[in-house]
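Taking numbering that gives the first Met the number 0, the leading residue of the sequence shown gets 0, the next gets one more, and so forth.
Glycine included, each C-beta is placed from N, C-alpha and C at the ideal position.
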Amino acid sequence: MLAGPVLRRIEPGRLVLWLVGSAPLDLTLVLAPKSGAPRRLALDARRCRVIRVGRHACVHLIDVALPEPLPQDTTIEYDLLVAQGDGTEAGIAQWAPHLLHVGATRPSMVLRSRSDNILYGSCRKPHHPARDGLARADALLADHAQLSDGRADERPAMLMLCGDQVYADDVAGPMLAAIHALIRRLGLYGECLEGAVVADSEALYRHQAGYYRREELLPATRSNDALRDRFFGGSEKPIFTTVNAHNHLVTFAEVMAMYLLVWSPVPWQLVADAPAPPFAPRYLERWRRESRALEGFRRDLPQAARLLAHVQTLMIFDDHDITDDWNLSAKWEATVYGHTFSRRIVGNALIAYMLCQGWGNRPDVFEAALDDVAALAASAALDDRLDAPRQDALIERLLSFGQWDFVVRAKPTIIVLDTRTRRWRNRRRPGHPSGLMDWESLTELQHELLDETAAVIVSPTPMFGVKLIEVIQRVATFAGLALKVDAENWMEHRGAASSMLNIFRHSRSPRNYVVLSGDVHYSFAYDVEVRDSDRTPHIWQITSSGIKNEFPHRLLDWLDRLNRWLYSPRSPLNWFTKRRDLALTPYLPDARQHGERVWNGAGIGQVWLDAQGRPVRIVQHNADGGPSTRFLAPGQEASLAGAAEQPLRKH
């Protein structure tokens, strides 16, 4: 077993899991509710689809329609038994003991009757020096499991990952070396490459520009200058941060290996002795720094994997899952999709996203695409190389695929937005950022919201962000620097912003909304009221970012301070923005020292909702192991924050 299981969807009559093995596995699912007899279900071809991605790598997509519904709000232990050649069976305790809590013999899950307790976060960059917020969340869950009076209905209903689960465009040199070693060890399939100076994946892995210099792989022609700047150089944002676009993942095998290495400690055991590749001496110190950060990431990885095996985990992409500034503008799309090499790079990341993330959110809509993936994999059976026409056809299908978003019919309803592939393009000024959703997708969102009393909306990018930073983004856009900063926010595009506010005002829309977001590398919470003479919808914008990433501390301190001065709730400057119809009141971090409204620290967020879908507690659990940070509503006493130290229990 290479990775998993990851618990993807839990419904009364359905269970969805993801795992990767070194061969097709003969599996039996065991379900053992706390107050019931164990059940065994053979995972035949109807329940488990196997996609081979290499000689020794098979993705297992498990989707089980249960003959008897699962009980709610009770602990359900489960196991995946692997049939052995001698007729015996091996369970998770044998093949993945790191997934078990102390004293447990099997992993467990809880199907909650209400989605009133949600873990959420985004931006997990392996080579950032911060600790891993997923490991902190696992520690919280372990503490709860060991409480003698711990109740199943107090466990989180889900873990919502709001984007940048992997960084395909920002890869440390030592991580890239591990990826290449894993490709060799597992025999992950190769591919032909068109439009680059290398002919195929094997030549790419051997090329002298393969580390820290991948922009050199584009042919040196004038027509490629814009592509090189936007695609490989587009991640450089000196105003905010600098990332490693020059190690951008290229092949499907590279992206699949990345998923295995960020979700499981097992593949690292296969590449522990991977040698450092040859590269220019000027990169040596950078290599050493990245190696130290990755050592910390690997130490936390067993705990992160254990969390994913115990909590329903839903995911949606943001840009780094595919490439930085993905579909930022109409001009970006024309530049990147008009070149065969960059189109393949984006497409490969999207194929891997579908297999490792997208499918588990909404399995039913991917059947045709999975048929294409299976045919593509079969094409590599003879020579371990993917058929290029089939690969390009699959990429064409996924680039036009319109069902990455999904809805969880829970209490309250959870609507997860695709803010990347169905954009409101600026036809008159194609170089300016597109709206995050087009009119058609916004209309579909409104339809999903009709007659709901409350809703949780997951938007990878905050709908209501720190205003000063949004202003800086707008100035940069007008200065022609749209690809030098993260120039994406909901209010940037007039049509998308107006449509979204009208959805909130609609007479049949919910009265209470919670918007969960990530992306920005700091955490905050706003109480937002939309001014309207007839009805006043109430919105809470809650952002947790990053799981393993942070904003430059000194810069954020200054931006937060300036934002408080310029855009306080009573500031007249608000009337010169698209927020003139909004009343925004910030929640304040209880650990603030100088009046901060944002919290800068890697970790994981958690929110508890009342029966009306309103947040009653908002907490950021810090990855460094320090006290959790509670965001306090106006008028709350800071002394209440002490309750945050027992975060998985009701108060």
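- Between V457 and V415, the C-beta spacing is below 7 Å.
- Nearest C-alpha to I321 among G189, L375 and E253: E253.
- Secondary structure within the stretch 295–379: the alpha helix (DSSP H) runs of 4 or more consecutive residues, fully enclosed, are 329–336, 339–352 and 366–377 (chain order).
- Looking at R305, H126 and G194, the one whose alpha-carbon comes closest to that of M108 is R305.
- Relative to Y77, the option among L293, T412, P106 and L216 whose CA is nearest is P106.
- The residues G12 and R13, in chain order, have a CB closer than 7 Å to that of A64 in the same chain once the five nearest residues on each side in sequence are set aside.
- Looking at the backbone, the Cα of A138 and that of H431 are separated by about 44 Å.
- The beta carbons of N360 and F316 sit no closer together than 7 Å.
- With 16 or more other CB atoms across the displayed protein chains lying within 10 angstroms of its CB, E549 is buried.
- Take the alpha-carbon of A36 and the one of A377: they are about 41 Å apart.
- Contact annotation, E190 with A387: C-beta distance approximately 7 Å; criterion of less than 8 Å satisfied.
- Y525 is bridged by DSSP to Q540 and P585.
- D391 has no beta-bridge partner at all, per DSSP.
- Taking P536 as the centre and dropping the five residues before and after it, the same chain places the C-beta of F503, R504, S508, P509, R510, N511, Y512, E528 and V529 closer than 8 Å to its C-beta, in chain order.
- For the pair I182 and A256, the CB atoms are nearer than the 7 Å cut-off.
- Looking at the backbone, the Cα of G84 and that of V519 are separated by about 50 Å.
- In the same chain as R184, and ignoring 5 residues on each side of it, the C-beta atoms closer than 7 Å to its own belong to L269 and V270, in chain order.
- The shortest CA-to-CA distance from A601 to any of L26, A308, A367 and F296 is the one to F296.
- Runs of the alpha helix (DSSP H) lying entirely within the stretch 104–159, each at least 4 residues long, are 132–145 in chain order.
- Out of G464, L435 and T418, the CA that lies nearest to the CA of N425 is found in L435.
- In this model, L110 and I471 are separated by some 44 Å (Cα to Cα).
- G189 carries a strand assignment under DSSP once its states are collapsed to helix, strand and coil.
- If you draw a straight line from the Cα of P173 to the Cα of P125, it is about 11 Å long.
- Residue pairing by DSSP places T27 opposite A41 and L80 in a beta bridge.
- E10: member of the beta strand (DSSP E) spanning A2 to E10, first to last residue.
- With 16 or more other CB atoms across the displayed protein chains lying within 10 angstroms of its CB, T312 is buried.
- Between the C-alpha atoms of S399 and I350 there is a straight-line separation of about 13 Å.
- Closest option to L26, judged by alpha-carbon separation, among Y525, S34, P32 and L16: L16.
- For T628, the uninterrupted beta strand (DSSP E) run begins and ends at T628 to L631, by DSSP.
- Counting along the chain, A453 sits inside the beta strand (DSSP E) bounded by residues A453 to V457.
- DSSP places S34 in no beta strand (DSSP E); its state is neither H nor E.
- Within the DSSP bridge table, the entry for T412 names A454 as partners.
- Counting the other Cβ atoms within 10 Å of the Cβ of P280 gives fewer than 16, which makes it exposed.
- In this structure, the straight-line span from the alpha carbon of N501 to that of M462 is close to 14 Å.
- Inter-residue distance for E595 and I603 is about 19 Å (C-alpha atoms, whole angstroms).
- Comparing alpha-carbon positions, the option among L30, R48 and R113 lying closest to L80 turns out to be L30.
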